[in-house]
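One structure is given below, encoded as structure tokens.
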Amino acid sequence: MRSLTSLPLVLILLATAIPLATKAQESGDPGGDSSLELDTIIITGQKAERSLADTDGSVTVVFPGESDGVAGAADDFFGVIERLPNITPFQGDEIAIRGVGKGGFSFAQNNFGFSRGPNDLITTYVDGIPLSTASAPFSFWDVDQIEVLRGAQSILFGRGAVGGVVIIENVDPTFTTEATGQLTIGTEEISRPSFAVSGPIVKDRLAYRIAFDRYRSPSFTDNITTGNDADLKKLLIGRLKLLYVGEGGTELEFSGFSSKINTGGRYVPYVSSIPEEDRIALSDRDDLTSNDAVGASLRGNWPLNDRLSLESSTVWVREQLHRDTDFDLTPAPLQYAIIDNNIRTISQEVRLRYEGSRFDGFAGLYYEDFEGTDTNFISLLGSPINFSQNVRTIAFFGKGRYKISDKLDLTLGIRAENQKTESVSQTRDLAELNLPLRMREVNEDMDFSAFVPKLGLSYKILPETRIYTTVQGGYRAGGSGASVYLGTPYSFDPEKTWNVDLGIRHQSSDSRLRLGANLFYINWYDQQLAVPNPEDIFFRQDMITDNIAQSESYGLESDVEYQVTGNLRIFGSLGLLRTEIKEANEDNVHLIGNSFPSAPKAMVSLGGIYNFDNGLDISLAANWRDSFFVELRNFPENEIDSRFLVDLEVGYRFPDRNLRFDLKITNLFDTYYRNFAQRDPEAVAGYQLYNPESGGAVGAGDGRAVSLTLKNWF
């Protein structure tokens, strides 16, 4: 904890430097050249439109549609998370925010670990539709804005947001006819044709937008047994948006999509005779995940008078995921698994919003019906395990801000939620050791309620500078599940957190400099963690979830952006993170003192873009990430080394034409680095069952890729 005491110094130094920086800019730019001004960023993810300068909490915003020619700008979801402070890949194909994984602190901590489950810690919304982070339709073609909100967002989003949320908004329809298209080709089999078209259906009343994207991302791993690309990723997605604008400010927006994605495995066996840098897979079966998803949202806003408005959001989404994986990672047909997730969510949210001169806020009701089935077939055991779950949630929530004075604001928020869970699981009967093991069915109904408060204060110390602090609760409901191997039923109680944030935001008077810093402290109670299944005396790989720990995490996120001249813009970010398990039950005292998985202690990003006057631009972005462990036991064999990546992009916009050409190089120096490793003695002992020479598995990050893009506007 001694490191925490030094972190406020960062905030103090920033606050001290801001007046000097502002004064220098004002004297250095007396003319107030508007070409030097950074655009105002509007945040919508907190269910209220506010500028970034007026937003509390740790938020990073990415604009894919405005990042042509910017090195480090990502084409897909995982490209973004490699470069944002305190956000990392988790277990190879998920994400972690501040060391908190999408599905928990361990892989497959719930039965829908490959898709999206009711006990997730991080939720991603696309046009208001919740979607999986693993194998999901997250291409950034025709995307308007991405917001990453770190830390508990339980007040607004409920049980699936104790670690944070990701908000993705696609480009809206326009009332003028327009079209855009692009073609990308590159090394490592990159290919991408994309287009979007938008225009009016009824003048000034009804407009449409259609977008299409077919994307094959770079492949770096060859399977020499099957002859295929082991880490392929193919995406096909179509989107339709309709926007209706009525009299008096009424707006109604429909957003629908259909997608199909196929992704390969990110792991290769650790074999002493094959250098892991060669990226060679040996499996007799290709590790392949396919996800067919379709969903729609209907969002509306109806002004009732000059201060009151009614808002509504209706969502339906279905995902069908199929995964075929080779457990032993060898050319021999020893052991494989087939996993099927079929999930469906229907939700309805209604909010009443008030906007007055001194008070603004909203109150809302939320209802969700989640249905999911999970089928696991493990070849060695002969018969599949079936698990089904229905979760119904109803909640009341509200948030408001009151202006105590021209400089001081008070924010209050609450959420009261009730969740009813019905689960049916099949478990293997270990009374007999004959294979296949006999099955028995277990039914379990559970009911949970939670109340979560929030309190915040913000103060303008200067017209351009604001400091804030918030204290809020977070929670993840309890639930039940069935272990992957044996289908052992288990249940667990709710998990709770207390979150404290202290931050500063500044935008200079000439709008050339924008910076923010956010200190945070989180205390986790009744922490839900994956522990070994006591009934698993054979595989030594089966896990269940239980409330076993109390933990702490704290750190800092900071972003800065500066328009140096009309041609040069620079940007950077810093993430600092400490996590520690402070207490554990008697069976897990070995975890005390360990850090969370995917929780590097530091991340630093720097970059810049220079626009020449002849249409040419060049940009460079660099990112350094500290080392981290991939699992809670913190075995040294599973520690991931630090890595440093550099991206380069050169672009040219043709004069008097809506035509642009980009050359993009990611991982410029072809740095080899790991994102995952499972080489600890206990895991390897489990693999020995299938492969006597196994040294475990490793997963590498992407190598160097070069792509050329031609983009045209009509």
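In case it helps, mature numbering (1 follows the signal peptide of the UniProt record, and there is no 0) puts the sequence shown at residues -24 to -1, 1 to 690.
Ideal placement from N, C-alpha and C gives every residue a C-beta, glycine not left out.
- In terms of CA proximity to R275, G232 leads the group G232, L284, Q311.
- Boundaries of the alpha helix (DSSP H) around F133: 130 to 133.
- Look at the segment 527 to 589 and you find these whole runs of beta strand (DSSP E), each 3 residues long or longer: 544 to 560, 578 to 587.
- Proximity to A426 across V447, E615, S115, G134 peaks at G134, based on C-alpha coordinates.
- The beta carbon of E154 sits closer than 8 Å to those of V173, S174, G175, W689, F690, all from its chain and outside the five residues before and after it, given in chain order.
- Contact annotation: D617 and S603 have beta-carbon atoms nearer than 7 Å.
- Assignment of N499 by DSSP, reduced to helix, strand and coil, places it in the strand class.
- Around the C-beta of R192, 16 or more other C-beta atoms lie within 10 Å, and the residue is accordingly described as buried.
- Contact between the segment 197 to 214 and the segment 225 to 245 is present: 3 or more CB-CB pairs across the two stretches fall below 8 Å.
- Collapsing the DSSP output to three states places V138 in coil.
- Here P612 carries a helix assignment [DSSP, helix/strand/coil].
- With fewer than 16 other beta carbons inside 10 angstroms of its own, S249 counts as exposed.
- Annotation for S170: W117, Q158, D189 place their beta carbon closer than 6 Å to its own, counting only its chain and skipping 5 residues before and after.
- If the five residues before and after R185 are omitted, its C-beta is found closer than 6 Å to the C-beta atoms of P149, S174, K217, all from its own chain and listed in chain order.
- Collapsing the DSSP output to three states places G93 in coil.
- Closest by C-alpha distance to E613, out of G591, Y628, V674, is V674.
- Taking a C-beta distance under 7 Å as the contact criterion, A128 and N475 qualify as a contact pair.
- In this chain, T647 is not harboured by any beta strand (DSSP E), its DSSP state being neither H nor E.
- When the beta-carbon positions are compared, V622 and G162 stay at least 7 Å from each other.
- Residue nearest to I19 within the set F373, Q121, A598 is Q121 (criterion: CA-CA distance).
- V102 and N267 have their alpha carbons spaced roughly 16 Å apart.
- Distance from the CA of D678 to the CA of L60, rounded to the nearest whole angstrom, comes to 16 Å.
- Beta-bridge analysis with DSSP links Q402 to E417.
- Annotation: P510 to F468 spans about 15 Å, alpha carbon to alpha carbon.
- Using a Cβ distance threshold of 7 Å, Q402 and E420 do not count as a contacting pair.
- Distance from V606 to S574 at the Cβ level is roughly 7 Å; contact confirmed, criterion being Cβ atoms closer than 8 Å.
- For D180, the number of other beta carbons within 10 angstroms of its own is below 16, and it is reported as exposed.
- Taking each of G627, E25, R609 in turn and checking the Cα distance to D593, the smallest one comes out for G627.
- In the three-state scheme derived from DSSP, where H, G and I count as helix and E and B as strand, V247 is classed as coil.
- Note: A426 is bridge-paired with E393 in the DSSP secondary-structure output.
- Within the segment 331 to 383, the complete beta strand (DSSP E) segments at least 3 residues long are 335 to 354, 361 to 379, listed from N- to C-terminus.
- Judged by DSSP in its simplified three-state form, G591 adopts coil rather than helix or strand.
- Annotation for A272: I105, F230, S231, G232, F233, V291, W292, V293 place their beta carbon closer than 8 Å to its own, counting only its chain and skipping 5 residues before and after.
- Here F652 is actually not in contact with R74; their C-beta atoms are around 18 Å apart, not less than 8 Å.
- Spatial neighbours of R26 in its own chain (CB-CB distance under 6 Å, excluding positions within 5 residues in sequence) are listed in chain order as I19.
- Look at A29 here: in three-state DSSP terms it is helix.
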